[in-house]
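*Asks:*
Residue numbers (the numbering used here): 7 to 280.
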């Protein structure tokens with residue numbers, strides 16, 4: 007008669023201890039696909055130093071991160087942009103700096119595009135690489151595949167703001183969600199052009215993905231140019247909370263902003279905050 011109560015107790019203990027690690031404290035972090043790979047690595051290191059803690063990182067875009075924090079669905083949001091008007095009820099904590107760069111397939115002979123040319127491509131005024139100096143090596147027809155980000159993505163907002171465009175004016179061939187989708191789309195199409203985080207693009211190129219980053223305003227798209235303030239399309243990578251953080255949430259945010267993770271920030275081609 008004693009076995010059944012003990013069995014129930016063991017079941018309750020198992021349910022209360024996910025992954026078999028202590029009390030199973032869990033932090034949910036959602037939002038920007040630019041910030042997510044970095045936070046996933048930071049989360050793993052944070053977990054290794056705090057047995058019993060799990061950091062669950064989910065993507066979905068900066069807008070999701072903001073909405074989830076406001077709705078109480080996430081402990082921490084991720085936003086790859088500065089705070090907007092109307093967000094002063096939230097708390098933003100920068101953990102790194104990044105930029106947004108245009109990129110093409112590695113075999114595309116175009117070396118550089120002006121801001122006006124980029125705007126013309128994305129609004130459909132220029133539709134073929136032959137209309138751009140150096141756009142084709144042999145003058146053959148080469149319709150441009152315009153890769154754009156979906157609504158709710160901070161990378162889209164930064165891109166539109168820099169080039170003075172409205173989302174309704176963009177004539178996209180392909181609409182993608184996260185940065186990895188953008189990279190895969192351009193890498194598979196020699197006539198494609200897209201834009202992503204510099205960190206994502208540099209990381210992908212370093213792994214022999216067939217893409218090439220384009221300069222912006224005559225400045226090479228690189229972490230070095232971003233770090234010394236020369237690259238013109240820059241942005242903060244933020245963690246976001248609804249309330250002033252306390253307890254384990256405060257510990258995670260402080261850890262993500264500390265020199266203890268600067269090596270992870272650099273490995274993913276971002277610039278650490280000071």
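Just so it is clear, CB atoms sit at the ideal spot from N, CA and C, and this is done for glycine as well.
#1: Within this structure, are the beta carbons of residue 84 and residue 117 separated by less than 8 Å?
#2: Return yes when the Cβ of residue 261 is within less than 8 Å of the Cβ of residue 255, no when it is not.
#3: I'd like the list of long-range same chain contacts for residue 276, defined as Cβ closer than 6 Å, with 5 residues on each side in sequence excluded.
#4: In chain order, which continuous runs of the beta strand (DSSP E) of length 3 or greater are located wholly inside the segment 58-117?
#5: Would a C-beta distance cut-off of 8 Å place residue 258 and residue 41 closer than the cut-off?
#6: In angstroms, rounded to a whole number, what distance separates the CA positions of residue 236 and residue 107?
#7: Three or more C-beta pairs under 8 Å: does that hold for the segment 194-203 against the segment 224-234?
#8: In the structure shown, what three-state DSSP assignment does residue 163 receive?
#9: In whole angstroms, what is the alpha-carbon distance linking residue 69 and residue 138?
#10: Apart from the five residues just before and just after residue 155, which ones in its own chain have a Cβ nearer than 6 Å to its Cβ?
#11: Answer yes if the segment 239-256 comes into contact with the segment 86-99, meaning at least three C-beta pairs across the two stretches below 8 Å, and no otherwise.
#12: Would a C-beta distance cut-off of 8 Å place residue 153 and residue 132 closer than the cut-off?
#13: By how many angstroms is the C-alpha of residue 64 removed from the C-alpha of residue 50?
#14: Are the CB atoms of residue 185 and residue 164 nearer to each other than 8 Å?
#15: Just the Cα atoms here: how many angstroms apart are residue 9 and residue 48?
#16: Tell me which same chain residues have a C-beta within less than 7 Å of the C-beta of residue 220, skipping the five on either side of it?
#17: Can you name the start and end residues of the alpha helix (DSSP H) that residue 206 belongs to?
#18: Sort 149, 112, 176, 253 by Cα distance to residue 190 and report the nearest one.
*Replies:* With the structure as the only source:
#1: For this step, residue 84 is matched to residue 78 along the chain shown. For this step, residue 117 is matched to residue 111 along the chain shown. Contact: no.
#2: Counting from one through the chain shown, the residue named residue 255 turns up at place 249. Counting from one through the chain shown, the residue named residue 261 turns up at place 255. Going by C-beta atoms, residue 255 is not nearer than 8 Å to residue 261.
#3: Residue numbering aside, residue 276 sits at position 270 when the chain shown is read from its first letter. The answer, listed in chain order, is 102, 104, 205.
#4: 59-64, 82-85, 97-111
#5: For the purposes of this step, residue 258 is taken as the residue at position 252 of the chain shown. For the purposes of this step, residue 41 is taken as the residue at position 35 of the chain shown. For residue 258 and residue 41, no; Cβs fall outside 8 Å.
#6: Start at 1 with the first residue of the chain shown, and residue 236 comes out as number 230. Start at 1 with the first residue of the chain shown, and residue 107 comes out as number 101. In a straight line, the C-alpha of residue 236 is about 13 Å away from that of residue 107.
#7: no
#8: To locate residue 163, count along the chain shown from 1; it is residue 157. Correct three-state label for residue 163: helix.
#9: Here residue 69 refers to the residue found at position 63 when the chain shown is read from its first residue. Here residue 138 refers to the residue found at position 132 when the chain shown is read from its first residue. Cα to Cα, the separation comes out at about 35 Å.
#10: Residue numbering aside, residue 155 sits at position 149 when the chain shown is read from its first letter. 161, 162.
#11: yes
#12: Indexing the chain shown from 1 puts residue 153 at position 147. Indexing the chain shown from 1 puts residue 132 at position 126. Cβ atoms of residue 153 and residue 132: not closer than 8 Å.
#13: For the purposes of this step, residue 50 is identified with residue 44 of the chain shown, where counting begins at 1. For the purposes of this step, residue 64 is identified with residue 58 of the chain shown, where counting begins at 1. The straight-line gap from Cα to Cα measures roughly 14 Å.
#14: Numbered from its first residue, the chain shown carries residue 185 at position 179. Numbered from its first residue, the chain shown carries residue 164 at position 158. Result no, Cβ atoms of residue 185 and residue 164 do not sit closer than 8 Å.
#15: Position 3 of the chain shown, counting from 1, holds the residue named residue 9. Position 42 of the chain shown, counting from 1, holds the residue named residue 48. Low confidence applies to residue 9: its pLDDT is 42, below 50, so where it sits in the model is not reliable, and the reading given next is rough at best. Cα-Cα distance, rounded: 43 Å.
#16: Here residue 220 corresponds to residue number 214 of the chain shown, with the count starting at 1. Once the five neighbours on either side are set aside, the close Cβ partners of residue 220 are 107, 108, 109, 110, 118, 119, 227.
#17: Within the chain shown, the letter at position 200 stands for residue 206. Counting along the chain, the alpha helix (DSSP H) containing residue 206 begins and ends at 204-212.
#18: Translated into the one-based positions of the chain shown, residue 190 becomes position 184. Of the listed residues, the one whose Cα sits closest to residue 190 is 112.
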